[in-house]
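First up is the structure itself, then whatever we jot down about it.
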Amino acid sequence: MTPEEIAAMVDDIVALRGRGYTIIVIEHHMDLIAAACDRVIALDHGEVIAAGTPSEIAAHPEVIRAYLGSTRAESAPASIGADASAGPSLEVSPILELAGVHASYGPAAVLQGIDIEVHPGEVVALLGANAAGKSTAIKTIMGKLRPSRGEIRFMGRRVDGRPTNEIVRMGIGIVPEGRRVFYELTVLENLEAAAEASAAATGKARTRAGADVRAANQSQVEQVINLFPVLAERRSQLAGTLSGGEQQMLAIARALVASPQLICMDEPSMGLAPIMVDRVMEAIREINGTGTAVLLVEQNAQAALSVADRAYILRDGRIAASGTAAEMLTDGKLASAYLI
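Here the sequence shown stands for residues 92 to 431, where the numbers follow the working numbering.
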């Protein structure tokens, strides 16, 4: 919901309370909860972890742990983020830049003037609760939604207003929410199909002989599949029989086949068991180790910050906080932006 819709919902709830109704609200949006509720019961995996007033719940360590994976007081683990002295340089021009970007679905404003930069070789996390605008940001970058104001630049060139296929040809890959692999094809066939589509989109299929294209495609597929040992072992297995985490790795591998300079990933941890989330994050580290920049859109803040150099937090379509991964975990920015 937009801030205006939340305010209208609060007004409706307050009006119903005034008429004597008892109301149970099932909601994750803390602004609505704080404005409309007297008491809150917080659940995590079917168990009550806290109960109290909205302000008590927002500050409760178990609630913060359930939302974010750590408490405010906990220091960032040594593995969180990249070593600032060894990470990508922020002095070079950004590979991706969003400047004052606004985007709407009809009259409903979703992005309200966001500024984001991703530099070459970086992993940047874009965090936020449901309906914060994260997926809309991805759609806007990829040309699926035209911004109403602002600019989006990739490698110094404007991409806002360009069609998606042209943006992909320029060097931006996308791993969409929901994996979207071909279940009826094998792992290898999924990657070969992605390689053929990439060759056709970039014009390589028109400028090379058929045998040369096939050889180049096969070489690229082998390079990518070797980044994912579990996929290499299952190259002849139907994608539909893979686990959720393995399907997510396949979706990432499909995007890599096109050799993008930047990959945008939309909620890659969604619906995965914790051990598979760890494996997907390790795959992102491997990809970044090859020099590919990553914009990681995630609701799972703890997982995203385990691989990110820097992060932005979206709240109600605006950037609520930004900083290094370690800063997000140690100075309270993360919990404040999510819960207060």
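Ideal placement from N, C-alpha and C gives every residue a C-beta, glycine not left out.
Pick from the options that is closest to residue i, judged by C-alpha positions
i: residue 271; options: 131, 311, 331 and 107; result: 331
i: residue 225; options: 389, 420, 111 and 395; result: 389
i: residue 212; options: 398, 325 and 145; result: 398
i: residue 256; options: 194, 418, 201 and 234; result: 234
i: residue 326; options: 99, 344 and 277; result: 277
i: residue 187; options: 231, 195 and 219; result: 231
i: residue 357; options: 217, 416 and 306; result: 217
i: residue 391; options: 108, 220, 112 and 206; result: 220
i: residue 236; options: 258, 406, 369 and 138; result: 258
i: residue 201; options: 420, 414 and 408; result: 408
i: residue 279; options: 266, 265, 333 and 242; result: 333
i: residue 195; options: 182, 238, 339 and 183; result: 238
i: residue 396; options: 414, 406 and 107; result: 414
i: residue 374; options: 339, 402, 355 and 406; result: 339
i: residue 341; options: 382, 283, 106 and 291; result: 283
Which of helix, strand or coil DSSP assigns to residue i
i: residue 259; result: helix
i: residue 110; result: coil
i: residue 356; result: strand
i: residue 371; result: helix
i: residue 341; result: helix
i: residue 129; result: coil
i: residue 415; result: strand
i: residue 139; result: strand
i: residue 122; result: helix
i: residue 383; result: coil
i: residue 73; result: Residue coverage of the chain in this structure runs from 92 to 431, which leaves residue 73 outside it and unanswerable.
i: residue 201; result: strand
i: residue 169; result: Unreliable placement is indicated for residue 169, whose pLDDT of 37 sits below 50; the coordinate value is still reported in the next sentence. Residue state, collapsed to three classes: coil.
i: residue 271; result: coil
i: residue 220; result: coil
i: residue 183; result: coil
i: residue 444; result: Absent from the structure is residue 444, since the part of the chain shown begins at 92 and ends at 431.
i: residue 191; result: strand
i: residue 38; result: Missing from the structure shown is residue 38; the chain here goes from 92 to 431 and no further.
i: residue 402; result: strand
i: residue 117; result: coil
i: residue 103; result: helix
i: residue 321; result: helix
i: residue 97; result: helix
Test item: CB-CB of residue i and residue j under 9 Å
i: residue 268; j: residue 361; result: yes
i: residue 251; j: residue 192; result: yes
i: residue 329; j: residue 274; result: yes
i: residue 130; j: residue 144; result: yes
i: residue 134; j: residue 100; result: no
i: residue 370; j: residue 281; result: no
i: residue 359; j: residue 343; result: yes
i: residue 115; j: residue 108; result: no
Cβ neighbours of residue i in the same chain (closer than 8 Å, five flanking residues each side left out)
i: residue 335; result: 270, 362, 363, 364 and 367
i: residue 323; result: 316 and 317
Close-in-space but distant-in-sequence residues of the same chain around residue i (CB under 6 Å, 5 per side omitted)
i: residue 352; result: 262
i: residue 142; result: 132
i: residue 125; result: 145
i: residue 376; result: 398
i: residue 154; result: 133, 141 and 148
i: residue 127; result: 101 and 104
For residue j and residue i, the rounded distance between their alpha carbons
i: residue 337; j: residue 321; result: 7 Å
i: residue 117; j: residue 309; result: 50 Å
i: residue 190; j: residue 313; result: 38 Å
i: residue 203; j: residue 228; result: 11 Å
i: residue 380; j: residue 96; result: 43 Å
i: residue 417; j: residue 306; result: 44 Å
i: residue 244; j: residue 112; result: 51 Å
i: residue 260; j: residue 254; result: 10 Å
i: residue 315; j: residue 249; result: 29 Å
i: residue 386; j: residue 209; result: 7 Å
i: residue 421; j: residue 151; result: 16 Å
i: residue 400; j: residue 319; result: 22 Å
i: residue 311; j: residue 139; result: 50 Å
i: residue 182; j: residue 247; result: 15 Å
i: residue 266; j: residue 106; result: 44 Å
i: residue 355; j: residue 197; result: 25 Å
Same chain, Cβ closer than 7 Å to residue i, five either side skipped, listed in chain order
i: residue 289; result: 348 and 349
i: residue 206; result: 189, 190, 191 and 410
i: residue 286; result: 308, 311, 312 and 348
The ligand PLP heavy atom lying under 8 Å from the CB of residue i
i: residue 185; result: The model on display carries no ligand, and the ligand PLP is accordingly not part of it.
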